[in-house]
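Single-structure report; data block below.
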Amino acid sequence: MNAHPPSLAIDLSSLSEPELRRLELKIARKHSGRVPWIAVVWAFGNLAVWIALWPLVISGVVPIWLASPVAVVNLSLVYLPTHEAQHDIIARPGTKLRWLNELVGHATSWMIVMPFEVLRVTHLDHHRHTNDPDLDVDITSSATGPWNAIWRAIQGRQPAAKRNQDYLASLVRNGREDLVVLSLLYRIGFIAVLGGLAWNGYALEALFLWWLPYQIAMTYIVFFLSWAPHHPGSHRSRYTNTRSWKSSVGNIGSMGMQFHIVHHLHPYIPLHLTPAAYWEMRPILEARGCRLGDN
Amino acid sequence: MERVFKTIAGILPLAFAFAFLVPVISQGMQALGIAAPFGLSHLAFALIVGGAWGLFAQVTGRWV
Chain A
1 MNAHPPSLAI
11 DLSSLSEPEL
21 RRLELKIARK
31 HSGRVPWIAV
41 VWAFGNLAVW
51 IALWPLVISG
61 VVPIWLASPV
71 AVVNLSLVYL
81 PTHEAQHDII
91 ARPGTKLRWL
101 NELVGHATSW
111 MIVMPFEVLR
121 VTHLDHHRHT
131 NDPDLDVDIT
141 SSATGPWNAI
151 WRAIQGRQPA
161 AKRNQDYLAS
171 LVRNGREDLV
181 VLSLLYRIGF
191 IAVLGGLAWN
201 GYALEALFLW
211 WLPYQIAMTY
221 IVFFLSWAPH
231 HPGSHRSRYT
241 NTRSWKSSVG
251 NIGSMGMQFH
261 IVHHLHPYIP
271 LHLTPAAYWE
281 MRPILEARGC
291 RLGDN
Chain B
296 MERVFKTIAG
306 ILPLAFAFAF
316 LVPVISQGMQ
326 ALGIAAPFGL
336 SHLAFALIVG
346 GAWGLFAQVT
356 GRWV
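Chains as they are written, first to last, in our numbering: chain A, 1 to 295; chain B, 296 to 359.
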């Protein structure tokens, strides 16, 4: 995901809007339409590693201090393959591999205690209403700076957080009240599993393999997927509501979000091809007055 | 059914505290070799601390 800038310094500002649009779409199509197998392997490989940690730790083969950081990485890596599935990037409805798209989403999203359909409905709503203070489900992640963003991400997981209400409102607005009950069942299931393990003598295993990694991972995910690419969270137009920026932890460390602007403009491009699409598209984005960083 | 779900949703912080937080505190203290004060058992101490924290979250809507 670390792309180097092959982008040429071309001034396209004299081109008309339809001409820019045509060029932009041509690049977007070039980088889409193929099954991103990397996301599929990533999803199931990550799931397998995390599940394997449990017997390895409980049987004493792997110490918990070693397994817990691995679990943090596992939980942090859950979201992006489901994100590809939310946008039907693995396979569109009606295609031969559609089942795989849905399987990736459903088989892994439970690790972060969210039903796949809830992620899909609310995330697509975020795309429709990016940075809208009333309708963007992720608006509560906007913050004044990185430390404030971390604190806001933690606050967003409190029982009475506005973020919970925003997600609920999004489901109702989209006619998916059924998912409210499913979300609650996931929550109850999470507490039941943690409780079952804890009262059977595995409280610390449950704490360090799931609960704590989940908390760290969700803060990390909200920071890089929600706060950083939309900061300051006040621009509303299609070409300015997200940005590109240079992350101090690199493109992999920021989960590919340095080029999130391309994802919002063309959400059918797979994550691993977004950097290449960005560099090719950059002169067009410059001509359109997008918020582009130093990368 | 809706009422049942609303009731369950309304007590999740307390449920989390007694299902998970209490045994985590108890087993954590045992693992670290920390004795409970006032001659209490680990579990009794964890029930007081975990229960109080759960009640705080239940009433205020936040853990921190």
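We put the beta carbon where it would ideally sit given N, CA and C, even for glycine. The structure presented is a predicted model; accordingly, all values stated were derived computationally and were not measured.
Residue-chain proximity (residue i, chain B), Cβ-Cβ < 8 Å
{"i": "asparagine 2(A)", "result": "Only weak support is given to the placement of asparagine 2(A): the predicted model assigns it a pLDDT of 46, under 50, and the value that follows is read from those uncertain coordinates. Closer than 8 Å: no."}
{"i": "proline 133(A)", "result": "no"}
{"i": "leucine 204(A)", "result": "yes"}
{"i": "valine 181(A)", "result": "yes"}
{"i": "tryptophan 110(A)", "result": "no"}
{"i": "alanine 67(A)", "result": "no"}
{"i": "glycine 195(A)", "result": "yes"}
{"i": "alanine 198(A)", "result": "yes"}
{"i": "isoleucine 188(A)", "result": "yes"}
{"i": "isoleucine 191(A)", "result": "yes"}
{"i": "leucine 207(A)", "result": "yes"}
{"i": "valine 73(A)", "result": "no"}
Closer than 8 Å to chain A by CB, residue i
{"i": "phenylalanine 311(B)", "result": "yes"}
Beta-bridge pairing of residue i - partner residues as DSSP gives them
{"i": "arginine 243(A)", "result": "Arg291(A)"}
Proximity of residue i and residue j at Cβ, strictly below 8 Å
{"i": "valine 40(A)", "j": "isoleucine 90(A)", "result": "yes"}
{"i": "alanine 314(B)", "j": "alanine 198(A)", "result": "yes"}
{"i": "proline 36(A)", "j": "histidine 266(A)", "result": "no"}
{"i": "leucine 171(A)", "j": "valine 180(A)", "result": "yes"}
{"i": "alanine 28(A)", "j": "alanine 217(A)", "result": "no"}
{"i": "serine 247(A)", "j": "serine 254(A)", "result": "yes"}
{"i": "leucine 204(A)", "j": "alanine 339(B)", "result": "no"}
{"i": "isoleucine 306(B)", "j": "isoleucine 188(A)", "result": "no"}
{"i": "leucine 350(B)", "j": "leucine 309(B)", "result": "yes"}
{"i": "isoleucine 51(A)", "j": "valine 57(A)", "result": "no"}
{"i": "asparagine 131(A)", "j": "serine 234(A)", "result": "yes"}
{"i": "glycine 156(A)", "j": "threonine 140(A)", "result": "yes"}
{"i": "histidine 126(A)", "j": "aspartate 136(A)", "result": "yes"}
{"i": "glycine 356(B)", "j": "glutamine 158(A)", "result": "yes"}
{"i": "leucine 97(A)", "j": "tryptophan 42(A)", "result": "no"}
{"i": "serine 32(A)", "j": "isoleucine 261(A)", "result": "no"}
{"i": "methionine 257(A)", "j": "glutamate 24(A)", "result": "no"}
{"i": "leucine 53(A)", "j": "valine 62(A)", "result": "yes"}
{"i": "isoleucine 154(A)", "j": "valine 319(B)", "result": "no"}
{"i": "lysine 228(A)", "j": "leucine 15(A)", "result": "The residue asked about is misnamed: residue 228(A) is alanine in this sequence, not lysine. Cβ distance not < 8 Å, so alanine 228(A) and leucine 15(A) don't count as in contact."}
{"i": "tryptophan 110(A)", "j": "tyrosine 186(A)", "result": "yes"}
{"i": "proline 213(A)", "j": "alanine 71(A)", "result": "yes"}
Any non-hydrogen atom of the ligand FMN within 7 Å of residue i CB
{"i": "leucine 209(A)", "result": "Looking at this structure, you won't find the ligand FMN or any other ligand, since it has none at all."}
Interface partners of residue i on chain A, CB under 7 Å
{"i": "tryptophan 358(B)", "result": "Gln158"}
{"i": "alanine 352(B)", "result": "Pro159"}
Chain-ordered chain B contacts of residue i [CB-CB under 8 Å]
{"i": "leucine 184(A)", "result": "Phe300, Ile303 and Ala304"}
Within chain B, the residues that residue i reaches when beta carbons sit closer than 9 Å
{"i": "tryptophan 54(A)", "result": "None at all; the shortest Cβ gap to chain B is about 16 Å."}
Proximity test, Cβ basis, 8 Å: residue i and chain C
{"i": "leucine 168(A)", "result": "The displayed structure is made up of protein chains A and B, and chain C is not among them."}
Within chain B, partners of residue i - CB distance below 7 Å
{"i": "isoleucine 216(A)", "result": "What isoleucine 216(A) touches in chain B: nothing, since even the nearest Cβ is about 14 Å away."}
Report the residues of the stretch 299 to 332 of chain B with a CB closer than 7 Å to any CB of chain A, ordered along the chain. Here the close residues are Phe300, Ile303, Ala304, Leu307, Pro308, Ala310, Phe311, Ala314, Phe315, Pro318, Val319, Gln322, Gly323 and Ala326.
For the stretch 274 to 288 of chain A, which residues have a CB atom closer than 7 Å to at least one CB atom of chain B, in sequence order? none
With 8 Å as the C-beta to C-beta threshold (strictly closer), list the residues of the stretch 130 to 154 of chain A near chain B in chain order. Ile154
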